[in-house]
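So the sequence shown is numbered by the numbering used here: it starts at 149 and just counts up by one.
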Amino acid sequence: MRAPKLQNKISPKLCLAAALGALLGATSFNAAQAANPLELNFWLSGPKYDGRVAPCESALSTITSQFHEKESMYWNSSLTITAYGNIHEVAFRPWQSDNMPRRFCSGNVQTSDGINRIVNFSIIEDGGFAGYGQGVDWCVTGLDRNWAYNPSCKAALP
């Protein structure tokens, strides 16, 4: 008994798929083109900040809850903020007027271990989740364990 003879025919569908793949591949390696005038001006009217940033004291509850969450979740610590004192504004909109409005503040905190520390923070207009509401960036000196605002939380100030 003889084995059936294999035919070397390539199906038309396979040829079409290969040609389409080559065409798409060739067009994807083209250099990036600049946006046309419609793309440049469509819904890009620029920032419209009002400069209405809450006073320093309004951020304290956010800092307290975020501090507790960070300490317990990432550092396995039961440390909490128990008291605030000498909260004052350091700067308001220290940069050009077309930047996001920010109010920079500083003060003292007492943590649950009884140690007094300095807290530096800023309140940012449209800095909340997805640009909705005001956001707060903060740093407690001595507890910036990931060094995000090093040295000594000075990067949290202007």
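Built from N, CA and C at the ideal position, the CB exists for glycine as well. All of these numbers come straight from a predicted model, not from anything done at the bench.
Item                                                                                                     : Value
Rounded straight-line distance, which links the Cα of glutamine 282 to that of asparagine 234            : 22 Å
Rounded separation between glutamine 258 and tyrosine 197 - CA only                                      : 34 Å
The segment 284-291 contacting the segment 262-276, beta-carbon criterion three pairs below 8 Å          : yes
Exposure label - leucine 164; buried when at least 16 CB within 10 Å                                     : exposed
Buried or exposed (CB count within 10 angstroms, at least 16 for buried), alanine 170                    : exposed
Continuous alpha helix (DSSP H) stretch holding serine 209: start and end                                : 208-222
Three-state secondary structure assigned by DSSP to threonine 163                                        : As written in the sequence, residue 163 is cysteine, which differs from the threonine given in the question. Helix, per DSSP.
Inter-residue spacing [alpha-carbon to alpha-carbon] between arginine 273 and alanine 202                : According to the sequence shown, residue 273 is glutamate rather than arginine. Straight-line Cα distance between these residues: approximately 8 Å.
Close Cβ partners of proline 249 (< 6 Å) along its chain, the five nearest in sequence each way excluded : Tyr197, Gly199, Val201, Arg241, Glu273
For cysteine 253, three-class secondary structure by DSSP                                                : strand
Neighbourhood of serine 206 by C-beta, 6 Å cutoff - its chain only, sequence neighbours within 5 removed : none
Glycine 169 in three-state terms, based on DSSP                                                          : helix
With 16 other Cβ atoms within 10 Å as the buried cut-off, status of leucine 208                          : buried
Residues near alanine 369 by beta carbon distance below 6 Å, same chain, minus five either side          : This structure cannot speak to residue 369, because the chain is shown only from 149 to 306.
Cβ-Cβ distance between phenylalanine 269 and tryptophan 243 below 7 Å                                    : no
Contact under 7 Å by Cβ, threonine 212 with isoleucine 229                                               : yes
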